[in-house]
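Data block below; observations after.
Residue numbers (full-length UniProt numbering), protein chains in the order written: chain A, 1 to 422; chain B, 1 to 225.
Structure, rendered in structure tokens:
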């Protein structure tokens, strides 16, 4: 088949993003890889040329059809540039050779910013790993994939570009997703299209010891700490009946096997009513753990994710012209979409890098974009014994971050802070 | 490395205050931190200037239209010439502004501009004597010109020519509008309209002979089938 004949439908989750994208709601995430040496932009550019061949679902432009958007192979070439803009801002494809991702570099760091429409963080990490692999190879470093990197030598499995939501769709398993509204945190906004990242670095070993002592997982522990931080940070704003809800993305590949690099994640909303400060952290953590275990059941996830697939499969809805669909999705999203959670906590876990590459890579970071209703988001990843917890924010106040990291410090963890504000 | 004693955290920064609580940091050890993120001050100045320029032109456009409108009303002689001025300004925006935006498919832009110009010239025709030259000559001949340009695009930009297929189809359909005008007896000079329709028929023949498979695929894509 000729290149221009192939095209992709947007996957089930991606269909949302063209409707809601705006400078104030970028739906962009950033994966950064800090090397041990300064980045060579020309080599990075060459590595990107090679890498893009391996990921047809990244090598696309977004087009408007009659009923839905679709992807078409992008005949342009992606370019790398030095990082100058604030992190996780809206990607303007028309100024980016029509690409829906962007590779920038600063000092020793390579940043990959992705508009959520083409991939989720798990897909993005695969791309970044391949990019760094080729970059290091071009520099003459002796690196091997050890089965952890997708290169041009490994065949592109059609499964990698599939919409896995549809594969696991079962119209019989559905449930209502009605939920109580969540508390919303606010502050004084940073100027338009400004953002701030605060990274907190912790030793993975110390954190694991800590959470094991609580008989919890890392995500459970951090979610509970985040809820606690919200309680402490918003005492003047919050009412006793308010619920702080953390939206925790679930990587569905862990439950429903798939090799897709496109979107295949869902979320669970973990909530707790506002309590007084002196309440015990252990009981909060136990409640969070229970909620997570309950919501992570296979059937429960299917029942909540299937309505999305039914929505796109419904013939009557399909027949509605694209612009009407986008307008309706935008309205519904504005009215209820973001009302159900206070913020996200996305943990992509340990990033698997082959031993041969590890000496050249110092760190990975992961950041999310924000919106008017959700001005702060939290994201976590771990590599080489360091857990990087990133708060991205579009407000001036740092109270939430302060409460979060002070809690960790008080709980006996050594925290190192870095920020995008110098 | 520095330490904030209030927060009890280490801070890797050149700043003197804790990014979390704003209290002064304690320097422990000598290491200087390399810059972790770019300094954002030099950001996108060009774009803001461009917007400002556009704002100035927009303001001038509105001012000119309003002033002409008032002068026209105050010195009314039965001729609404200020509409011609306002229309001319809108058309200039269409012809100059749209290409500058660079967001639109070139051919869709051409079709929009063609329709805009046609409406404008019809307005002028109506205001100044209603002689019918716009419908008789300008409409069909402008159509033929734009159709030729689009066909040239399809031929020249072979790589992306599926992008232009749909516009060629739209042009072919538009080409038959003189039928309606003839049916209602609005036009009296027929040869330009026949020329336009002949072009539309040729366009359809060309699409079928050269681009049938492509067209099928393109339509399937756009309809998400």
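Using N, Cα and C, we set each Cβ at its ideal position, and we do this for glycine too.
Quick caveat, the model's predicted, so the values are computed rather than measured.
Which word fits residue i, buried or exposed, when buried means at least 16 other C-beta atoms lie within 10 angstroms of its C-beta?
{"i": "residue 417/A", "result": "buried"}
{"i": "residue 83/A", "result": "buried"}
{"i": "residue 309/A", "result": "buried"}
{"i": "residue 243/A", "result": "buried"}
{"i": "residue 2/B", "result": "buried"}
{"i": "residue 235/A", "result": "exposed"}
{"i": "residue 36/A", "result": "exposed"}
{"i": "residue 205/B", "result": "exposed"}
{"i": "residue 319/A", "result": "exposed"}
{"i": "residue 406/A", "result": "buried"}
{"i": "residue 152/A", "result": "exposed"}
{"i": "residue 5/B", "result": "exposed"}
{"i": "residue 23/B", "result": "exposed"}
{"i": "residue 68/A", "result": "buried"}
Below 8 Å on the Cβ atoms is my guess for residue i versus residue j; work out the distance and round it to an integer in Å.
{"i": "residue 394/A", "j": "residue 188/A", "result": "The Cβ separation is near 10 Å, so there is no contact."}
{"i": "residue 126/A", "j": "residue 109/A", "result": "That pair is no contact at about 19 Å."}
{"i": "residue 143/B", "j": "residue 196/B", "result": "5 Å"}
{"i": "residue 365/A", "j": "residue 199/A", "result": "6 Å"}
{"i": "residue 281/A", "j": "residue 228/A", "result": "6 Å"}
{"i": "residue 368/A", "j": "residue 29/A", "result": "5 Å"}
{"i": "residue 33/B", "j": "residue 14/B", "result": "5 Å"}
Would you say residue i reaches chain A, if we count a Cβ-Cβ gap shorter than 8 Å as a contact?
{"i": "residue 9/B", "result": "yes"}
{"i": "residue 194/B", "result": "no"}
{"i": "residue 222/B", "result": "yes"}
{"i": "residue 20/B", "result": "yes"}
{"i": "residue 36/B", "result": "yes"}
{"i": "residue 164/B", "result": "no"}
{"i": "residue 40/B", "result": "yes"}
{"i": "residue 12/B", "result": "yes"}
{"i": "residue 46/B", "result": "Residue placement at residue 46/B cannot be trusted, given a pLDDT of 49 that sits under 50; what the coordinates show is reported in the next sentence. It does not: the Cβ of residue 46/B has no partner Cβ on chain A nearer than 8 Å."}
Note down, in chain order, each residue of its chain lying with its Cβ closer than 7 Å to the Cβ of residue i, except the 5 sequence neighbours on either side.
{"i": "residue 200/B", "result": "172, 175, 176"}
{"i": "residue 175/A", "result": "303, 304"}
{"i": "residue 352/A", "result": "148"}
{"i": "residue 11/A", "result": "163, 165, 262, 263"}
{"i": "residue 74/B", "result": "none"}
Is there a Cβ from chain B that is less than 8 Å from the Cβ of residue i?
{"i": "residue 421/A", "result": "yes"}
{"i": "residue 417/A", "result": "yes"}
{"i": "residue 26/A", "result": "no"}
{"i": "residue 86/A", "result": "yes"}
{"i": "residue 198/A", "result": "yes"}
{"i": "residue 68/A", "result": "yes"}
{"i": "residue 65/A", "result": "yes"}
{"i": "residue 409/A", "result": "yes"}
{"i": "residue 105/A", "result": "no"}
{"i": "residue 405/A", "result": "yes"}
{"i": "residue 42/A", "result": "no"}
{"i": "residue 398/A", "result": "yes"}
{"i": "residue 402/A", "result": "yes"}
{"i": "residue 83/A", "result": "yes"}
{"i": "residue 235/A", "result": "no"}
{"i": "residue 9/A", "result": "yes"}
So, at 8 Å on beta carbons, what are the nonlocal neighbours of residue i in its own chain, with the 5 sequence-adjacent residues on each side left out?
{"i": "residue 97/A", "result": "74, 76, 77, 78, 79"}
{"i": "residue 207/B", "result": "165, 168, 169, 172, 215"}
{"i": "residue 108/B", "result": "167"}
Spatial neighbours of residue i within its chain, please: CB distance less than 6 Å, with the 5 preceding and 5 following residues excluded, ordered by chain position.
{"i": "residue 307/A", "result": "174"}
{"i": "residue 89/A", "result": "26, 193"}
{"i": "residue 122/A", "result": "251"}
{"i": "residue 197/A", "result": "87, 367, 390, 392, 420"}
{"i": "residue 132/A", "result": "33"}
{"i": "residue 103/A", "result": "48, 80, 112"}
{"i": "residue 362/A", "result": "34, 36"}
{"i": "residue 249/A", "result": "265, 267, 346"}
At which residue ranges does the region 293 to 328 of chain A contain complete alpha helix (DSSP H) runs of 4 or more residues, listed in the order of the chain?
-> 298 to 313, 315 to 318
Against chain E: residues of the region 362 to 373 of chain A by CB proximity under 7 Å = Reference to chain E is not applicable here, since the protein chains of this structure are A and B.
Runs of alpha helix (DSSP H) lying entirely within the region 129 to 198 of chain A, each at least 4 residues, in chain order = 164 to 167
Give, in chain order, every unbroken run of the beta strand (DSSP E) that is at least 3 residues long and sits entirely within the region 321 to 399 of chain A.
-> 343 to 350, 361 to 368, 376 to 383, 386 to 393
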